[in-house]
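Everything below concerns the one structure shown next.
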Amino acid sequence: MIRSEERHQRLLAEARRRGRVEVTALASDFGVAPETIRRDLSELERRGLVRRTHGGAYPVESAGFETSLAQRVTMHVENKRRIAAEAVKHLGGAETVFIDEGYTPQLLAALLPTDRPLTVVTASLPTAAAVAESANITVLLLGGRVRARTLATVGAWACQMLDGFVIDLAYIGANGISREHGLTTPDSVVADVKAKAIKVSRRRVFMGHHGKFGAGSFCRFADVTDFEAIITDTGLSSAEAHRYSLLGPQVVRV
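The opening position of the sequence shown corresponds to residue 1 in the UniProt record's numbering, with each subsequent residue numbered one higher.
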């Protein structure tokens, strides 16, 4: 019989490897009752290591753990598609747009209008590739070191390039967002790029699925009050959405 602490470690390792785990499958794998797995996942959630969902859980990113882009493209995909489709409606008359790293911003980039001139600034190689072939979109890819996990550039060169711009609208993501601690990410160099993009942008929109809310990582880079809008899915309760809206931004659940 596996001890509970050892089982917790193996459960967490599986969640981080797969991106999401199911109670029934874990119960079969470990040879225990589903209720035992539910208690294990509840304990891991209490410790801030996973976030429970209906029938399973997914890992919470922290200073020592971050999901890769390959994992992100398989998690909450339909929610992310709806969020991206809603977020692009906030483009308005913006002529210059910063698009953050991550899969949801990448989906948004593919939805940008191509019938008018638009300049896209991004640190993300996949996002740059998604829009580079459009005749009306000028793509400025920030320089710097490319992070293998996210295929995004970071470092002094990226921040120096941003410092020379005045951007109409920034679409920003985060590993966690909370009313108490604002927006966070595990890596300080990523936080630096995000913070600089927010500083040089006139308008800011946050995009993130409901699992980001209430979660926190190591490096804080923005306040909730910095944003005009928060776009998420209906997994965030209307009551919690209202609490965020009291801080200033419009909160849209799709």
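Heads up, the beta-carbon is just placed ideally off N, CA and C, and yes, glycines get one too. All of these numbers come straight from a predicted model, not from anything done at the bench.
Check: Are there three or more Cβ pairs, one per stretch, closer than 8 Å when the segment 26-42 is compared with the segment 182-198?
Finding: Counting Cβ pairs under 8 Å, fewer than three are found: no touch.
### Inter-residue CB distance, leucine 44 and histidine 76 (contact presumed, cutoff 8 Å)
Leucine 44 to histidine 76, Cβ: 19 Å. No contact.
Assuming isoleucine 172 and alanine 197 make a contact with CB atoms under 8 Å, what is their CB distance in whole Å?
-> 7 Å
- Query: Just reading off the alpha helix (DSSP H) that arginine 203 is part of, what are its end residues?
  - Reply: Arginine 203 -> not in any alpha helix (DSSP H); beta strand (DSSP E) instead, spanning 201-207.
Rounded distance between the beta-carbons of serine 217 and proline 155, thought under 8 Å
One point to set straight first is that residue 155 is glycine, not proline, in the sequence displayed. Actually they are not in contact, since the Cβ atoms of glycine 155 and serine 217 sit about 19 Å apart, beyond 8 Å.
*Does the distance from the CB of leucine 169 to the CB of valine 97 come in under 7 Å?*
Yes.
If you count every other CB in all the chains shown that lies within 10 Å of the CB of glutamine 106, and 16 or more means buried, which is it? buried
Beta-carbon within less than 8 Å of leucine 111's beta-carbon, same chain only, minus the 5 sequence neighbours each way: which residues are those?
Ala84, Ala85 and Val88
So proline 59 packs on alanine 94, CB below 8 Å; how close in whole Å? Going by Cβ atoms, the distance from proline 59 to alanine 94 rounds to 34 Å, so no, they are not a contact pair.
*asked:* Considering Cα atoms alone, identify which of Val120, Arg145, Ala13 and Gly208 is closest to residue 258.
replied: The structure shown has nothing for residue 258, since the chain only spans 1 to 254.
Check your understanding: Which class does arginine 3 belong to by DSSP, given the choice of helix, strand or coil?
Key -> coil
> Which value, in whole angstroms, describes the spacing of the CA atoms of threonine 24 and arginine 38?
Replying inline: 10 Å
- Those runs of the beta strand (DSSP E) which lie wholly inside the UniProt domain "HTH deoR-type" (4-59) and span at least 3 residues: 50-53 and 56-59
In its own chain, which residues sit with a C-beta less than 6 Å from the C-beta of glycine 144, not counting the 5 before and 5 after it? Thr153, Val154, Gly155, Trp157 and Ala158
Worksheet item: Should aspartate 40 go down as buried or exposed, given a rule of 16 or more other Cβ atoms within 10 Å for buried?
Response: Looking at its Cβ environment, which holds 16 or more other Cβ atoms inside 10 Å, aspartate 40 is buried.
- request: Check each candidate in Lys194, Thr225, Ala135 and Glu78 and name the one with the smallest Cα separation from glutamine 160.
  value: Nearest option by C-alpha distance: Lys194.
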